[in-house]
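**Student:** Handing you a structure now.
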Amino acid sequence: MSILRAVLAVPEAIVLLALPPLLLSVIAKTKAKFSGRVGPPWLQPYFDLYKLIQKTPVYSRTTTWVFRTGPIVNLAALLTAATLIPVLSSDSLLGFSGDIILVAYLFALGRMFTVLAAMDTGSSFEGMGASREVTFGTMSEPALFLSFVVLAVATKSLQLSQMMGSGLAAEWQVAAPALVLVVGALLIVLLAETCRVPVDDPATHLELTMIHEVMALDHSGPEFAVITYAAALKFVLLGSILLHTAIPHPPSLYFLGPMLRMVELAALACLVGIIESMTARLRLNRVPMLLAGATVLSSIAVVLVLTGRMA
Amino acid sequence: MLGVFAAAMMSIVAAGPWLSGSSPIESAVISWPLPLGTAHLALDGLTAWFLLTIGILAACVAVYSPAYMEGIAGRAPAAAFGALMCALMASLILVVCAADAVLFLVGWEAMMLTAFFLVAFHHDLPEVRRGAWIYLIANHIGTALFVLPLFAVLTGGAGSTEFSALGPAAGTFNRSTLIVLFVLGLLGFGTKAGLMPMHIWLPAAHPVAPTPVSALLSGLLVKMGIYGLLRLLTWLPPLPTFCGILLLIVSVVSGVMGVLYALAQHDVKRLLAYHTVENVGIIALGISVGMLGQSAGHPALAALGYAGALLHVTNHALFKGLLFLSAGAVLHGTGTTAIERLGGLAKRTPVNAFMFLVGATAICGLPPLNGFVSEWVIYSSLFAGVFRGVGASGAAPALGLVSLALMGGLALACFAKVFGVVFLGQPRDAIVSAHPTPVRMKIAMGGLAIGCMLIGIFPGQWLPLVQSATSELVRSMPPAEVELAIRSIPAPAAELSKPIAVFVLVVIGLVLIRRRVRAWATALHRTASRVVATWSCAYAEPTARMQYTASSFASSLIVSFRALLWPHRELVSPAGTFPVASHLETHAPDIAERELFEPLFGGLARLFAMVRTLSLGGESGAKPDIAAESGHPGPVRTLLLGLVSALRSGSIQVRLAFIVVTLVLLLVFEAISSPTAVNSPASHKSVDTAATEVKP
Amino acid sequence: MMSQSIIDAALILVVLLNLAMLATSRLARCVRIFAMQSLLLAALPLLLELQHTRALGLHPVAIAFGAAALKVIVIPWVLLRVLRTGEIHREVEPMIGFTASMLLGSLIVIACFAFGHRLVLPVKPQSDLLLSVSMATVLNGLLILVSRVKAITQVVGFLIVENGVFIFGLLLLEQTPVLVELGILLDLFVAVFIMGIVVYHIRREFDHMDTNLLDALKES
């Protein structure tokens, strides 16, 4: 890494860490617009986080150190993934060949510890949420990996920052249908992993209908702040993967690149807000069909790419 | 036990020179009078790797066993246990070091018999006897029907029983002989390794054996099957591609079905046994990529595949051993391994809980532990296979990739279930007490856990050790490329350490920050954190029975995959206005056992009963007690009966379905039998009427 | 090339609509998906002709309009009319389930894509995907026909089979005379008309469209 790049990495990291709650408020404002309301202030999530950090946490008698460490491991895994995924610029901080697998398994590590922290409370609601999270996480793994296969075969590389860089722009000319299918599959995976409608409703607090919110029922104060921030960060990271696949930037944009990416992230948050306002939450036994649909989309893309290379 | 420990240490030391890169073969001949062969021992890279595995796991088990057997005191004499363990250790080392076919088979048989006596250690219990019998019969059939003929053909062709002569001799065989040899090896060594559908002895033998023996079964004995398969591959020249694809399909089936069955189990040790089946599937996946690389002539691909498989051999021994020892500590402390009766053990046995957590995180392949490193190498090999278009132009490695991803997700679900239900929450059955774990058991588990963590955090130091073993396997390819391929294996692993280090630092940093924030908030409000009952949306009186059970946790996944699992469900619904009694039971019986082996052995038993009746002059003896599961027909039977009844019903849709299936089969046959390219106008295979209309 | 991409995109959209039909349980939605698919297929001869000769001859335009008029407007109107007068709006869960039939349909698509490249043809097609997509459509239509219970869905399955044959016919576009194409379309129209009338009367007589219950009418 050159000196300029290293110097630029510091403000970039600061912006990246400050960005996630802003996207949450973009989604909230979009949904409010659709319901004819004004919505909460733009900086409301930051105020919420600050309020939560100050609170005195209340722990359950049943819990052990796993309960307190779960959210921290989850956030640490996401922060480590942030060093590997290109978010604002087109290259990542620590990328190397084969890092897509590390990224996918870091998400899985976060999921494991979130689920264990939920099971630690010994409550039936958290157990329910943990079971659903694990089920839908398992079903979205094949779709995610098949999308990676398409990107890897298209760009002949296993490094995430190279897979989603300028090499992909050339691929869009040639294998556009396959890449459109991949974008569709990644959008469904994004909605499932960040627990948005139609998979899960982040606004309702009915225990029988939630996945992510119900796992955090017993967390309070600083732990809950960590969980909220980590969920927003996951949205940023998965959204970046989607955006870099859908809109590869040419390398000629220097300082415009990060600005454009931030605008794109805001647009994606807007889109998710529109989807949330216009669709209803699926019945829980129809969610596997949605995830199977994502797997089907990405597997057709894989077949197209593999047979396209043959013929 | 001291003997076992000493042998383990010596084997690690002996393996040392090969691990650091030199690769000459040292051999020694002992003057034992062996019929048909000579007692020729040899050490090469592959042997050294397996010796390392044996050494590490056996050392930890040796430290663990005395404390464990004291806890289960009064059941059987401990001296016999120690003697049998020494014999097992000796036979394992003999199998790995043998350089002569007869010596290998002697060691193989000795290993099977000593393991049988160890599995049947608590032989006063009927289920222990049954499990031990299934183990013995399955392994003996595998050996007698497949391994013996394999060696017979090989040594017959070579004219000598020395391993060094088998390689050149196999080069002279023709293609069909090679395929037959490979299939024999797959079936014979696969029975030992636990590939589906020969895996049924694993879930039968593991729960009934004493825990140190289960750990050795899973960690070492099944690896001997893998060792046999790898040895066979060092002798055979590069096989046709479809052999690699066959192994890939077998490993995918073993992996996915293994972890699905594990998800449905109610007993910790049986669950761990099915996970061994899954991990053997992952190892075989790596081997299949290696074979595909050899068939296609890509040394780099072959090296990656074999390296991944070998790494997973050792990693699996480590974390599976850790998990079994931890489950044994649970059994030792509470007296039961039934998942639904346990709970809240993390409060009463915290060290054991931490060890199990390390093992569970490792087996799911999560960073920063060792499971991730070997799975990462296998993923890299699969991606490389897709890039180069080997194995049905990349379709087979793509299938391997998606199933490996699915296996990872399902394993995560399974271990979240086990750890969450057994160690977290509240105790589900109040009468189960928990004794603390003895120190020696903790030390043994700690050793394995430290190994897992070290390999995970410093993969760059670990990967070069496997180079000499890999070079043994890819010997049949041009040496210069092979050299380059093997040197390039550890390179990306050094890169892997950086994000892992970042992760560890971030965790430590966040913990420290949280402490500071908590201190600041406490000073702000002048109240410390409070401890109350679980809130869970304001339940006034939460009880332990309200917790999510393990079956409920896994039920949504099992129901989603019911087409593969065929679970049984028995429900006695609550009836009436104030229902008193209701009852729900779910099981997932093993398809291979129900549909393949039970009818087979039932038929054989009936045949033998007939023979016995005849030879005893017409007296009908007692009916053979076939363990018949009445009631629910399995999937094969249901499908066959449904097919027959559908044919007889005369429904138009069924007739149409048959026409469609016939057409599809014809098209597939046509496609497969025309191997060359597309759209050659000179071909006459399609519609003749259209051809007459074509104006050239 | 742009037109090549558009043709490929249209064909893949046809495949995705097949899979959507396998996944849906609402009968009216099935008919509308068929109408959308037929609209795409009606546009295909025009696109193929544009790519091939850069000018529109009479033959492809006639095919396109004929197919569009019949399959996008007339036939869906007939079927929707039958549905509107009845009370049944949803399909019964088929024997293998909706998710499993969608996965089976996608396996068929993957297999057709994999094998379609290996089958030989007398004429080089304009798009590599034409043969695979036509086979996949035919097989998916047969899957719907075989696995569904309500009569209307079986009729739609039959129509999808015809769509698949239409795609295959596009391979030999220059060779097939207009008369043959129009004859096929006329046969189709008459068949669906008769089926629609029959289903309407069945529903009026027996108050249901369930073919499993109709099996009771057999003597044997």
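Residue numbers (our numbering), protein chains in the order written: chain A, 1103 to 1413; chain B, 980 to 1675; chain C, 30 to 249. All C-beta atoms, glycine included, are put in the ideal place defined by N, C-alpha and C.
#1: Going straight from the alpha carbon of I1467/A to that of Y1527/B, what length do you get?
#2: Buried or exposed: S1242/A, going by 16 or more other Cβ atoms within 10 Å of its Cβ?
#3: Would you call the CB atoms of S1400/A and S1249/A closer than 8 Å?
#4: Return helix, strand or coil for Y229/C, following the three-state DSSP convention.
#5: Hey, would you say T1185/A sits closer than 8 Å to P1478/B, going by beta carbons?
#6: Say whether chain F places a C-beta atom closer than 8 Å to the C-beta of L243/C.
#7: Along the chain, where does the alpha helix (DSSP H) that runs through L1620/B open and close?
#8: Which ranges does the alpha helix (DSSP H) cover as unbroken runs of at least 4 residues, wholly within the segment 1058-1143 of chain B, from first to last along the chain?
#9: Can you round the beta-carbon distance between Y1240/B and I1203/A to whole angstroms, since I take them to be within the 8 Å contact cut?
#10: Please classify D1246/B: does DSSP put it in a helix, a strand, or coil?
#11: Do you know offhand how far L1063/B's Cα is from L1097/B's?
#12: Round the Cβ separation of V1075/B and T1140/B to the nearest angstrom and send it over; I've been treating them as touching at under 8 Å.
#13: Using DSSP's beta-bridge definition, name the partner residues of Y1253/B.
#14: Of all the options P1045/B, L1082/B, M1236/B, which has the alpha carbon lying nearest to the alpha carbon of H1019/B?
#15: With distances taken between CB atoms, is the gap from L1264/B to L1302/B smaller than 8 Å?
#16: If we cut at 8 Å on Cβ distances, does A143/C have a partner in chain B?
#17: Is the Cβ-Cβ distance between P1469/B and G1200/A less than 8 Å?
#18: Run the CB neighbour count on I1429/B, radius 10 Å, all protein chains shown included, and call it buried at 16 or more, exposed below.
#19: Near T240/C, which residues of its chain fall below 8 Å by C-beta distance, leaving aside the five closest residues on each side in sequence?
#20: Please tell me whether Q1261/A and G1197/A are closer than 8 Å, where the distance is taken between their beta carbons.
#21: So the beta strand (DSSP E) L1022/B belongs to, where does it begin and stop?
#22: Taking 8 Å as the threshold (beta carbon to beta carbon), is A1027/B in contact with chain C?
#23: What is the rounded straight-line gap between the Cα of C1065/B and the Cα of L1115/B?
#24: Reducing DSSP to helix, strand and coil, say where P1603/B ends up.
#25: For S1609/B, does the three-state DSSP call read helix, strand or coil?
#26: Do I173/C and V162/C count as a contact pair if the criterion is CB distance below 8 Å?
#27: Let me see if you follow: with CB-CB separation under 8 Å, is K1477/B close to chain A or not?
#28: Between the C-alpha atoms of C141/C and G1399/B, what's the straight-line distance to the nearest angstrom?
#29: Flag H1101/B as yes if its beta-carbon sits less than 8 Å from any beta-carbon of chain A, otherwise no.
#30: Start and end of the beta strand (DSSP E) containing S1539/B?
#31: Looking only at C-alpha atoms, which of S1353/B, P1219/B, A1395/B, L1380/B sits nearest to L1242/B?
#32: Got a sec, what are the start and stop residues for the alpha helix (DSSP H) Y1285/B sits in?
#33: In whole angstroms, give me the CA-to-CA distance for R61/C and N47/C.
#34: Should the segment 1426-1446 of chain B be regarded as contacting the segment 1261-1280 of chain B, the criterion being three or more beta carbon pairs within less than 8 Å?
#35: Suppose the cutoff is 7 Å on Cβ atoms and the five residues either side in sequence are ignored; what does the same chain contact list for L1110/A look like?
#36: Using a C-beta cutoff of 8 Å, does H230/C count as contacting chain A?
**Tutor:** Reading from the atomic positions:
#1: For chain A, the structure presents residues 1103 to 1413; residue 1467/A sits outside this window and is missing.
#2: One-based indexing of the first sequence puts residue 1242/A at position 140. The residue in question, S1242/A, is buried, as its Cβ has 16 or more Cβ neighbours within 10 Å.
#3: Here residue 1400/A is taken as the residue at index 298 of the first sequence, counted from 1. Here residue 1249/A is taken as the residue at index 147 of the first sequence, counted from 1. Their beta carbons are under 8 Å apart, which means S1400/A touches S1249/A by this criterion.
#4: Here residue 229/C is taken as the residue at index 200 of the third sequence, counted from 1. In the structure shown, Y229/C sits in a helix (DSSP, three-state: H, G or I).
#5: The count along the first sequence starts at 1 and reaches residue 1185/A at position 83. The count along the second sequence starts at 1 and reaches residue 1478/B at position 499. It is a contact, given that the beta carbons lie within the stated cut-off.
#6: Among the chains of the structure shown, chain F does not appear; the protein chains present are A, B and C.
#7: Working through the second sequence from its first residue, we reach residue 1620/B at position 641. Looking at the DSSP string, the run of the alpha helix (DSSP H) that includes L1620/B is 1614-1628.
#8: With a minimum length of 4 residues, the continuous alpha helix (DSSP H) runs that stay inside the segment 1058-1143 of chain B are 1080-1098, 1105-1121, 1127-1137.
#9: In the second sequence, residue 1240/B corresponds to position 261, counting from 1. In the first sequence, residue 1203/A corresponds to position 101, counting from 1. The Cβ separation is near 26 Å, so there is no contact.
#10: Looking up residue 1246/B in the second sequence gives position 267. Three-state DSSP puts D1246/B in a strand.
#11: Start at 1 with the first residue of the second sequence, and residue 1063/B comes out as number 84. Start at 1 with the first residue of the second sequence, and residue 1097/B comes out as number 118. C-alpha of L1063/B to C-alpha of L1097/B: approximately 7 Å in a straight line.
#12: Mapped onto the second sequence, residue 1075/B falls at position 96. Mapped onto the second sequence, residue 1140/B falls at position 161. Contact annotation, V1075/B with T1140/B: C-beta distance approximately 17 Å; criterion of less than 8 Å not satisfied.
#13: Locating residue 1253/B in the second sequence gives position 274, counting from the first residue. Y1253/B has no beta-bridge partner at all, per DSSP.
#14: Residue mapping note: residue 1019/B aligns to position 40 of the second sequence, counting from 1. If we check each option's Cα against that of H1019/B, L1082/B comes out closest.
#15: To locate residue 1264/B, count along the second sequence from 1; it is residue 285. To locate residue 1302/B, count along the second sequence from 1; it is residue 323. No, the pair does not count as a contact, with Cβ atoms beyond the cut-off.
#16: Taking the first residue of the third sequence as 1, we reach residue 143/C at position 114. Closer than 8 Å to some Cβ of chain B, the Cβ of A143/C qualifies, so yes.
#17: The sequence position of residue 1469/B within the second sequence is 490, counting from 1. The sequence position of residue 1200/A within the first sequence is 98, counting from 1. No. Outside cutoff.
#18: The residue labelled residue 1429/B in the question sits at position 450 within the second sequence. In this structure I1429/B is exposed. Its beta-carbon is surrounded by fewer than 16 other beta-carbon atoms within 10 angstroms.
#19: Locating residue 240/C in the third sequence gives position 211, counting from the first residue. Answer for T240/C: V178, K179, A180, Q183, listed in chain order.
#20: The residue given as residue 1261/A occupies position 159 in the first sequence. The residue given as residue 1197/A occupies position 95 in the first sequence. Yes, Cβ-Cβ distance for Q1261/A and G1197/A is below 8 Å.
#21: To locate residue 1022/B, count along the second sequence from 1; it is residue 43. 1018-1022 is the extent of the beta strand (DSSP E) around L1022/B.
#22: In the second sequence, counting from the first residue as 1, residue 1027/B sits at position 48. No, its Cβ sits nowhere closer than 8 Å to a Cβ of chain C.
#23: Within the second sequence, residue 1065/B is the residue found at index 86, counting from 1. Within the second sequence, residue 1115/B is the residue found at index 136, counting from 1. Taking the straight line joining both Cα atoms gives about 20 Å.
#24: To locate residue 1603/B, count along the second sequence from 1; it is residue 624. Its pLDDT being 44, under 50, P1603/B is placed unreliably in this model, and the coordinates cannot settle the point.
#25: Indexing the second sequence from 1 puts residue 1609/B at position 630. Low per-residue confidence applies at S1609/B: pLDDT is 46, beneath 50, and the placement is therefore not dependable enough to give any value.
#26: As a working note, residue 162/C is residue 133 in the third sequence. As a working note, residue 173/C is residue 144 in the third sequence. At least 8 Å separates the beta-carbon of V162/C from that of I173/C.
#27: The residue you call residue 1477/B lines up with position 498 of the second sequence. Taking a beta-carbon distance threshold of 8 Å, K1477/B counts as an interface residue toward chain A.
#28: Position 112 of the third sequence, counted from the start, is the residue given in the question as residue 141/C. Position 420 of the second sequence, counted from the start, is the residue given in the question as residue 1399/B. Taking the straight line joining both Cα atoms gives about 44 Å.
#29: The residue labelled residue 1101/B in the question sits at position 122 within the second sequence. No - not a single Cβ of chain A is within 8 Å of the one on H1101/B.
#30: As a position in the second sequence, residue 1539/B is number 560, starting the count at 1. Note, S1539/B: premise wrong, no beta strand (DSSP E); alpha helix (DSSP H) at 1529-1539.
#31: By one-based count along the second sequence, residue 1242/B stands at place 263. When C-alpha distances from L1242/B are compared across S1353/B, P1219/B, A1395/B, L1380/B, the shortest belongs to A1395/B.
#32: Start at 1 with the first residue of the second sequence, and residue 1285/B comes out as number 306. In the DSSP assignment, Y1285/B falls within the unbroken alpha helix (DSSP H) covering 1278-1313.
#33: Indexing the third sequence from 1 puts residue 61/C at position 32. Indexing the third sequence from 1 puts residue 47/C at position 18. Each residue's Cα considered, the two are about 12 Å apart.
#34: The answer is no - the segment 1261-1280 of chain B does not touch the segment 1426-1446 of chain B, with fewer than three Cβ pairs under 8 Å.
#35: By one-based count along the first sequence, residue 1110/A stands at place 8. Cβ within range, chain order: n/a, list empty.
#36: Translated into the one-based positions of the third sequence, residue 230/C becomes position 201. Not a single CB atom of chain A sits nearer than 8 Å to the CB of H230/C.
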